[in-house]
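Q:
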Amino acid sequence: MLRIVVVFIASVLAAAAAAAELEVQVLDADDAQPLADAVISLHPASGAPAVAPGDAVVDQRDSTFVPHVLAVTRGSRVRFPNSDNVLHQVYSFSEAKRFELPLYSGQPPKSVHFPDAGVVALGCNIHDQMSAFIVVLDTPYHAVTDADGRARIKAPAGDYRLETWHERLQGGQAVARPLRVDGTQVEPVEVSLALAPPPPPRIQDPRLRALQDRFRSLKNDRR
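Residue numbers (mature numbering (1 follows the signal peptide of the UniProt record, and there is no 0)): -19 to -1, 1 to 204.
1. Enumerate in chain order the residues of its own chain whose CB-to-CB distance from E76 is below 8 Å, with the five nearest sequence positions on each side excluded.
2. How long is the line joining the alpha carbons of R149 and A17, rounded to whole angstroms?
3. Taking Cβ positions, are R142 and P159 nearer each other than 8 Å?
4. Roughly how many whole angstroms lie between the Cα atoms of G35 and V59?
5. On the CB-based measure, 16 or more other CB atoms within 10 Å of its CB, does H94 come out buried or exposed?
6. Around the Cβ of T165, are there at least 16 other Cβ atoms within 10 angstroms (buried) or fewer (exposed)?
7. In chain order, what residues of the same chain have a beta carbon less than 6 Å from the beta carbon of V47, not counting five sequence neighbours either side?
8. So is V64 buried or exposed if we call it buried at 16+ other beta carbons inside 10 Å?
9. Tell me which same chain residues have a C-beta within less than 7 Å of the C-beta of P83, skipping the five on either side of it?
10. Relative to the C-alpha of G87, which residue among V53, D43 and F61 is closest?
11. Which residues bound the beta strand (DSSP E) around residue 240?
12. Between G152 and D140, what straight-line distance do the alpha-carbon atoms span, to the nearest angstrom?
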């Protein structure tokens, strides 16, 4: 029994030692400026990694989804609390997940399950300017870049396919490249993305604003 325990502990320590941290910086190929809210993920060259679902939150504050981009593993559940004093109606028509939450404030009645990998675009039926994305992945090795376009991932040493996704990529398909992770990295791995022009700012239809004001008034009358 002692020998089994020792062998098990040694195996765990060896696996931990084999893990490596990878830093990636994502840049706009046009002007070399860092890109925030890019999703980077590592996919093993052979075999499929074990994926554990998790729980995440996309808040609604000042008629904005926070965060704007969320990365989760397949099977995860996401809650959509409304921290505003106006009602929101969250929806998605994306192939990876179609759903709609009726008008609500505070906490919605339940979280939303995301069983399939893919990109889920979010919107609000009342506030057309609201948009966000949930990227559902079949790998536990993923991260979202910060304001400097940087992100870090810890993964076992080995050969991978590095995928990088950004909402302005033409066709919506992630850019992929082979990459070996071995812990010897000194400088960040640099990824340059050729992007489509940014979409024009969304301006809310005054009729929708009037509708929102009416619902807010009805809500206040019930108090």
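By construction, the Cβ of each residue, glycine as well, lies at the ideal position given by its N, Cα and C atoms. This structure is a prediction, so every number in the text was calculated from the model and none was measured.
A: Short version:
1. Working through the sequence shown from its first residue, we reach residue 76 at position 95. So the qualifying residues of the chain are G99.
2. Walking along the sequence shown from the start, residue 149 turns up at place 168. Walking along the sequence shown from the start, residue 17 turns up at place 36. About 12 Å.
3. Numbered from its first residue, the sequence shown carries residue 142 at position 161. Numbered from its first residue, the sequence shown carries residue 159 at position 178. Contact flag set, yes.
4. On the sequence shown, residue 35 is found 54 positions in, with the first residue counted as 1. On the sequence shown, residue 59 is found 78 positions in, with the first residue counted as 1. When rounded, the distance between both Cα atoms is 8 Å.
5. Within the sequence shown, residue 94 is the residue found at index 113, counting from 1. Exposed, because fewer than 16 other Cβ atoms sit within 10 Å of the Cβ of H94.
6. Mapped onto the sequence shown, residue 165 falls at position 184. Exposed.
7. Your numbering for residue 47 matches position 66 in the sequence shown. Closer than 6 Å at the Cβ level, and outside the excluded window around V47, lie D40.
8. The residue given as residue 64 occupies position 83 in the sequence shown. Residue 64 is actually Ser in this sequence, not Val. The residue is exposed, with fewer than 16 neighbouring Cβ atoms inside 10 Å.
9. On the sequence shown, residue 83 is found 102 positions in, with the first residue counted as 1. Close CB contacts of P83 within its chain, under the 7 Å cut and outside five residues either way in sequence, are with Q70 (chain order).
10. Here residue 87 is taken as the residue at index 106 of the sequence shown, counted from 1. Minimum Cα distance to G87 is reached at F61.
11. This structure cannot settle anything about residue 240, because the visible part of the chain is limited to -19 through 204.
12. Translated into the one-based positions of the sequence shown, residue 152 becomes position 171. Translated into the one-based positions of the sequence shown, residue 140 becomes position 159. Taking C-alpha positions only, G152 is separated from D140 by approximately 27 Å.
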